[in-house]
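Participant:
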Amino acid sequence: MKIKFKRLDYQEKCLNQILGVFKGIYLREPKNDAQRISNPVFEIEEIKDLLLENIQNLQSEQKITHGSVGIDKSLNCDILMETGTGKTFCFLECVYALHQNYHLSKFIVLVPSNAIKLGVLKSVEITREFFKSEYSVHLESYEDIRSFILASNHKCCVLVMTFSAFNKESNVINKSCLENTNLFNGAKSYMQALASISPVVIMDEPHRFLGDKTKKYLEQLNALITLRFGATFKDDYKNLIYALDSKKAFDCALVKSISVACVGESNEYFLELKGVVKIQNDYEAAINYTNLENKTQSVKVKKHDNLGVLTQISALEDYIVENITKNEARFLNGFSLLLDQKEPFSHLLEGEQEVMLKEAIKSHFEREEGLFKKGIKALCMVFISGVNSYLSENEKPAKLALLFEKLYQQKLEEVLKKDDLDNNYRAYLERTKDNIQKVHGGYFAKSKKESDEAQVIALILKEKEKLLSFESDLRFIFSQWALQEGWDNPNVMTICKLAPSHSHITKLQQIGRGLRLAVNDKGERITKEHADFDFVNELVVIVPQVEGDFVGAIQQEISEHSLIKQVFSGEELEKSGIVKKGYYGVLLETLEGLGFGEKTDDENFKLTLNQNEFLEKEPELEKLKDEKYLNLEKLKDFLKDRLVGHFRVRNKNERKSEKIKINKENFKKFETLWEGLNHQTRIAYAIDSESLIDEIVKKINASFNVKSKIVSVTTHKKVETMGNDAKTEIFEQKSACVWSLHEFISALSNKVKLSFKSVAKVLGNIDENKFDLIKKNEQESLRRLEELFLEIIYQNIKDKISYQMRKTTIKNRKNDAFYDEKGEIREFLDGSLVGDKYEIKNSSAQEKCLYENFMQVESEIEKDTIEESNDTKIIVFGKLPRVKIPIGLNQTYSPDFGYVVENNDKKVLLVVETKGVENESELREEEKRKISTAKKFFKALKKQGVNIEYKTKMEKDQLRALINEVLNRKD
8 MKIKFKRLDY QEKCLNQILG VFKGIYLREP KNDAQRISNP VFEIEEIKDL
58 LLENIQNLQS EQKITHGSVG IDKSLNCDIL METGTGKTFC FLECVYALHQ
108 NYHLSKFIVL VPSNAIKLGV LKSVEITREF FKSEYSVHLE SYEDIRSFIL
158 ASNHKCCVLV MTFSAFNKES NVINKSCLEN TNLFNGAKSY MQALASISPV
208 VIMDEPHRFL GDKTKKYLEQ LNALITLRFG ATFKDDYKNL IYALDSKKAF
258 DCALVKSISV ACVGESNEYF LELKGVVKIQ NDYEAAINYT NLENKTQSVK
308 VKKHDNLGVL TQISALEDYI VENITKNEAR FLNGFSLLLD QKEPFSHLLE
358 GEQEVMLKEA IKSHFEREEG LFKKGIKALC MVFISGVNSY LSENEKPAKL
408 ALLFEKLYQQ KLEEVLKKDD LDNNYRAYLE RTKDNIQKVH GGYFAKSKKE
458 SDEAQVIALI LKEKEKLLSF ESDLRFIFSQ WALQEGWDNP NVMTICKLAP
508 SHSHITKLQQ IGRGLRLAVN DKGERITKEH ADFDFVNELV VIVPQVEGDF
558 VGAIQQEISE HSLIKQVFSG EELEKSGIVK KGYYGVLLET LEGLGFGEKT
608 DDENFKLTLN QNEFLEKEPE LEKLKDEKYL NLEKLKDFLK DRLVGHFRVR
658 NKNERKSEKI KINKENFKKF ETLWEGLNHQ TRIAYAIDSE SLIDEIVKKI
708 NASFNVKSKI VSVTTHKKVE TMGNDAKTEI FEQKSACVWS LHEFISALSN
758 KVKLSFKSVA KVLGNIDENK FDLIKKNEQE SLRRLEELFL EIIYQNIKDK
808 ISYQMRKTTI KNRKNDAFYD EKGEIREFLD GSLVGDKYEI KNSSAQEKCL
858 YENFMQVESE IEKDTIEESN DTKIIVFGKL PRVKIPIGLN QTYSPDFGYV
908 VENNDKKVLL VVETKGVENE SELREEEKRK ISTAKKFFKA LKKQGVNIEY
958 KTKMEKDQLR ALINEVLNRK D
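Counting in my numbering, the sequence shown runs from 8 upward without gaps.
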């Protein structure tokens, strides 16, 4: 499978901005270039004014006001592009376009790491066909400096280098090459030769090139033009000509949205570097750690020691000391401990890892079938601290791999039991059912040597297209954080972070490899024009609790990376046409008073709200709508651009489900039924408390029984061999009291809605042996006693329930599931219908449905009922949003479906409750109680003149028969 490339609008804009710098500029052939290997050049002093004018015009068009504008010895331009938006594609097209328009031929791409270098070379290879069709040019890529220098300037050539290849005197590029004195115009080193050909230098991630030594050698390259492409600029912008920051990338849906699931326990175990002493020519470090009994202990480590072996904590086996300095202990897996700094490791414990892996597998399966049906292969990245936990020394699966296989097998069996599974997807899953090893794989460097790292990254990149194809069974990829920069696969839908990351890596950088928009099996990228964009392009990130507020951290980074800051001045408000001159002070005072932020001084204001907080407070701005000095709509837009964080980054547990679109025409036929169901209702019943208490006591004495709590104790002789040499004993706990008697009675009182005094009286009157049972298993006793109490209470009130109705009309109803606060029909249902998404297969049923796109179902009988809803007598039907019909004991009931049916001018409103059993006798007592009470509710409605029929539909019942029954009934 080949990825199909397509130039997107924002990428074309970026290219035009770069070419715009050279508007009106003419380059000439260099002197002394007999070998024809150099770039054409210009004299910077001659054209400086024109270049500056071009840059200022470009900034004005883009409304860029950040950074400095100026030219020193050579031309530098900055291009800000967020991670995942195709930065590499843009700078490669820039190479082709500058060659075509200005005959520039020698380009050097500088990258911060070997991983990124190999990624760029791979991008050159896979985009070559697309760009050749656009520019009729073949781009040649080089790693060998000499071959690059001597290549003809009629070609288009790019040399890809890491900064570590040139930023030391000992590098080959900087050494004198006496045998190559005639290499080019008398150059005595490759660096001098490169400088002589006036290369165009493209820097990828410029914030990684800020060291003084690196800057010194960069100047020696004598670049004709330097273009800095990055998502992060730690120094000030220099001639910023294009800006696509984090906020704009998320706003314009150029990257995936992010959902974060924080899992695991909050009990934290720590590592802490407490001291370093010099012994002979080496250092020894004292490391404090929390043992599994939650006590602090200490261990001394030297270079090459294994922290897991010394502490006897198997979770730390990947922590092998690489180096110790006065202030730091660094490990081979990339993890570092700084002096007196605590680092948590509880998420590395086996139980925590299991919880996180289980969540990752669950998240993967939640979307895999839907993506599969759209021709998109879902991948999951699992970042771990090192190879030892995944592969043993003989390259057999280690405990983490075996744990994954166990958890995956369990979830797979659960998924395969589903009756409505797509047949092709089922076949795809069953292909590996008996060989789970094919589903997961690891990419690890044998060591931290560049050659070993390059080997594993090359393998990842080589298999990039293969991984996107369904022909490959591999979909869970295990790798190290150290290699995360080498990953660039658009179909990573889940990232599971089992390992700590380096503290200097931002959250967005950590998950950047999964932000790119997905591609389908035809190689087409799923952009925002696709109907399925929101479902497809969501990245789920699983992180341990010890990470803290991961969502908040990403939100903060998006705000910090944005060129538009939360702090703004009164002058900006005036220039933007929001307030009349001299009035900004009044506005800033008002905004502070309304709680939108705070004044930092007389002329500046800091907005402190996030997206959700702003939406809640936005109506308060309407108080300013009559102010003559203010353009309110412009103010709203201005503030929205400056909010903290972004709505497309959210907590997975709070993730909104896909919205259900209301069919407005069909709903108009449904309004009468909805009005009838929304009568304000009061339920009334009386209880004879003395006789009730006696009956409950009798019931408990006759039926109450619980088993003692069972406890298993597993003893491990050695922690590092956990699971291999373990002895488990089972005990029956004689007493399992956690609560006081008062707390137990309060809990039971809350559940059964009787007074504390009445519950205490019941427990005081039951047989002593029954009371003693409660102590054996409090939780099970509470559950069982609740059942017995409610059974007797309901028997006492079922014949005494009555309903008192108060008429409510649709005109008076506002802000419910179907109507907005103005009383108008909503575009989308407010809330959900409970259950899984279900798309109607029967086209006739879909035409009669309340909803245009899908419904949600909780059972097979609900699906069957939907598909049966194609009867010609049905005018409109739909699953009902939550309707709170009171049924006593502070409980409510909500039926399943609403129908409007008609035959021979007789129209009937019908509510249907579905149950997945053959007969009503098979229902649980609680369900019988709800149905029985609901029947009374609908009878009470009829007395008010609201004729809604209520029917239960069991598995044996046909919907058509129920409809015929209510239509043929004589009133």
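Note that CB positions come from ideal geometry on N, CA and C, so glycine has one too. Bear in mind that the values here come from a model prediction, so they are computed numbers and not experimental data.
Leaving out the 5 sequence neighbours to the left and right, which residues in its chain are closer than 6 Å to Val586 when beta-carbon positions are compared?
Facilitator: As a working mapping, residue 586 is identified with position 579 in the sequence shown. Once the five neighbours on either side are set aside, the close Cβ partners of Val586 are Leu580, Leu594, Tyr636 and Leu637.
Participant: Near Glu412, what residues of its chain come up, given a Cβ to Cβ distance below 6 Å and the 5 sequence neighbours on each side ignored?
Facilitator: Mapped onto the sequence shown, residue 412 falls at position 405. Excluding sequence neighbours, Glu412 sits near Ile443.
Participant: In whole angstroms, give me the CA-to-CA distance for Glu366 and Ile484.
Facilitator: Taking the sequence shown and counting its residues from 1, one reaches residue 366 at position 359. Taking the sequence shown and counting its residues from 1, one reaches residue 484 at position 477. Near 15 Å, if we compare the C-alpha coordinates of Ile484 and Glu366.
Participant: So, at 8 Å on beta carbons, what are the nonlocal neighbours of His749 in its own chain, with the 5 sequence-adjacent residues on each side left out?
Facilitator: Locating residue 749 in the sequence shown gives position 742, where the first residue counts as 1. Cβ within range, chain order: n/a, list empty.
Participant: Within this structure, are the beta carbons of Lys11 and Gly382 separated by less than 7 Å?
Facilitator: Residue 11 sits at position 4 when you count from the first residue of the sequence shown. Residue 382 sits at position 375 when you count from the first residue of the sequence shown. In this structure, Gly382 does not lie closer than 7 Å to Lys11 by Cβ.
Participant: From this set, Glu545, Leu423, Phe835 and Lys891, which residue's C-alpha is nearest Ile669's C-alpha?
Facilitator: Position 662 of the sequence shown, counted from the first residue, corresponds to residue 669. Distances from the CA of Ile669 to each of Glu545, Leu423, Phe835 and Lys891 were compared; the closest alpha carbon is that of Phe835.
Participant: Beta-carbon separation of Leu522 and Gly91 under 7 Å?
Facilitator: Locating residue 522 in the sequence shown gives position 515, counting from the first residue. Locating residue 91 in the sequence shown gives position 84, counting from the first residue. Their beta carbons are under 7 Å apart, which means Leu522 touches Gly91 by this criterion.
Participant: Where does Gln898 sit, in a helix, a strand or coil, going by DSSP?
Facilitator: Position 891 of the sequence shown, counted from the first residue, corresponds to residue 898. It is a strand residue.
Participant: Is Asp878 closer than 7 Å to Ile970 when the C-beta atoms are compared?
Facilitator: Looking up residue 970 in the sequence shown gives position 963. Looking up residue 878 in the sequence shown gives position 871. Against a cut-off of 7 Å, the Cβ pair of Asp878 and Ile970 comes out as a contact.
Participant: What does Asp211 pair with, by DSSP beta-bridge criteria?
Facilitator: To locate residue 211, count along the sequence shown from 1; it is residue 204. According to DSSP, which records beta bridges pairwise, Asp211 is partnered with Phe236.
Participant: With a cut-off of 8 Å on the beta carbons, I'd call Leu251 and Leu59 a contact; round off their distance for me.
Facilitator: Reading the sequence shown from its first residue, position 244 is the one you call residue 251. Reading the sequence shown from its first residue, position 52 is the one you call residue 59. Rounded, the Cβ-Cβ distance is 23 Å, inconsistent with contact.
Participant: Let me check one thing: in DSSP terms, what residues is Cys269 bridge-paired to?
Facilitator: For the purposes of this step, residue 269 is identified with residue 262 of the sequence shown, where counting begins at 1. Looking at the DSSP assignment, Cys269 forms a beta bridge with Val550.
Participant: Identify the residues that DSSP records as bridge partners of Ala256: which are they?
Facilitator: The residue given as residue 256 occupies position 249 in the sequence shown. According to DSSP, which records beta bridges pairwise, Ala256 is partnered with nothing at all.
Participant: Contact check, Ile327 vs Phe338 under 8 Å by CB: the rounded distance?
Facilitator: For the purposes of this step, residue 327 is taken as residue 320 along the sequence shown, with counting starting at 1. For the purposes of this step, residue 338 is taken as residue 331 along the sequence shown, with counting starting at 1. Right, their Cβ atoms sit about 6 Å apart.
Participant: List the endpoints of the continuous beta strand (DSSP E) containing Ser343.
Facilitator: On the sequence shown, position 336 is the one that residue 343 refers to. Here the beta strand (DSSP E) through Ser343 covers Ser343 to Leu345.
Participant: Which partner residues of Leu983 appear in the DSSP bridge assignment?
Facilitator: Missing from the structure shown is residue 983; the chain here goes from 8 to 978 and no further.
Participant: Below 8 Å on the Cβ atoms is my contact criterion, and I expect Val3 with Leu146 to pass it. Report the Cβ-Cβ distance as a whole number of Å.
Facilitator: Only positions 8 to 978 of the chain appear in this structure, which leaves residue 3 out of reach.
Participant: Can you list, in chain order, the residues of its chain whose CB lies under 7 Å from that of Leu157, leaving out five sequence neighbours each side?
Facilitator: Counted from its first residue, the sequence shown places residue 157 at position 150. So the qualifying residues of the chain are Ile44.
Participant: Count the other C-beta atoms from every protein chain shown that fall within 10 angstroms of the C-beta of Ile286, then say buried if there are 16 or more, exposed otherwise.
Facilitator: Position 279 of the sequence shown, counting from 1, holds the residue named residue 286. Label assigned to Ile286: exposed.
Participant: Since Cys503 sits in a beta bridge, which residues does DSSP pair it with?
Facilitator: Here residue 503 refers to the residue found at position 496 of the sequence shown. Cys503 is bridged to Val389 and Ile549.
Participant: Excluding sequence positions up to five away, which residues of its chain have a Cβ less than 6 Å from the Cβ of Lys124?
Facilitator: For the purposes of this step, residue 124 is taken as residue 117 along the sequence shown, with counting starting at 1. Val118, Val167 and Thr169, listed in sequence order.
Participant: For the alpha helix (DSSP H) containing Ala293, list its first residue and its last residue.
Facilitator: Here residue 293 corresponds to residue number 286 of the sequence shown, with the count starting at 1. No alpha helix (DSSP H) holds Ala293; the beta strand (DSSP E) holding it covers Asp289 to Thr297.
Participant: Taking three-plus beta-carbon pairs below 8 Å as touching, is the stretch 857 to 866 in contact with the stretch 954 to 962?
Facilitator: no
Participant: Select from Asp85, Val883 and Glu324 the residue whose C-alpha is nearest the C-alpha of His214.
Facilitator: Here residue 214 is taken as the residue at index 207 of the sequence shown, counted from 1. Looking at Asp85, Val883 and Glu324, the one whose alpha-carbon comes closest to that of His214 is Asp85.
Participant: Opposite Asn910 in the DSSP bridges: which residues?
Facilitator: Here residue 910 is taken as the residue at index 903 of the sequence shown, counted from 1. Asn910 is bridged to Lys913.
Participant: What does the Cβ neighbour count give for Gln304, buried or exposed, with the cut at 16 atoms within 10 Å?
Facilitator: As a first step, residue 304 must be located in the sequence shown, where it is residue number 297. Under this definition Gln304 is an exposed residue.
Participant: Cβ atoms of Leu792 and Leu4: under 7 Å apart, would you say?
Facilitator: The question about residue 4 has no answer here: the residues shown for the chain are numbered 8 through 978.
Participant: Which whole-angstrom value is the C-beta distance of Ile78 and Lys55, which I expect to be below 8 Å?
Facilitator: What you label residue 78 is simply residue 71 of the sequence shown in a count that begins at 1. What you label residue 55 is simply residue 48 of the sequence shown in a count that begins at 1. Contact flag correct, Cβ pair sits at about 5 Å.
Participant: Could you tell me whether the stretch 932 to 945 touches the stretch 885 to 894, using the rule of 3 or more Cβ pairs below 8 Å?
Facilitator: Cβ pair count under 8 Å is three or more, so yes.
Participant: List the DSSP bridge partners of Asp843.
Facilitator: The residue you call residue 843 lines up with position 836 of the sequence shown. In the DSSP output, where bridge partners are listed per residue, Asp843 has Val864.
Participant: Our contact map puts Ile209 next to Phe98 with C-beta atoms below 8 Å; I'd like the distance itself, whole angstroms only.
Facilitator: Numbered from 1 along the sequence shown, position 202 holds the residue referred to as residue 209. Numbered from 1 along the sequence shown, position 91 holds the residue referred to as residue 98. Correct: roughly 5 Å between the Cβ atoms.
Participant: Looking only at its own chain, which residues have a Cβ that is under 6 Å from the Cβ of Arg976, when we skip the five neighbours before and after it?
Facilitator: Stepping through the sequence shown from its first residue, residue 976 is reached at position 969. Around Arg976: no qualifying Cβ.
Participant: How is the beta strand (DSSP E) around Gly448 delimited, first residue to last?
Facilitator: By 1-based counting over the sequence shown, the position of residue 448 is 441. Its beta strand (DSSP E) spans residues His447 to Tyr450.
Participant: Alpha carbon to alpha carbon, how far is Phe277 from Lys333? Give it in angstroms, no decimals.
Facilitator: Numbered from its first residue, the sequence shown carries residue 333 at position 326. Numbered from its first residue, the sequence shown carries residue 277 at position 270. Spanning the two alpha carbons is a distance of roughly 21 Å.
Participant: Would you report the Cα separation of Leu614 and Val915, rounded to the nearest angstrom?
Facilitator: Taking the sequence shown and counting its residues from 1, the one referred to as residue 614 is at position 607. Taking the sequence shown and counting its residues from 1, the one referred to as residue 915 is at position 908. The C-alpha of Val915 is placed about 55 Å away from the C-alpha of Leu614.
Participant: What would DSSP say about Ser81, mapped onto helix, strand or coil?
Facilitator: In the sequence shown, counting from the first residue as 1, residue 81 sits at position 74. Ser81: coil per DSSP, three-state reduction.
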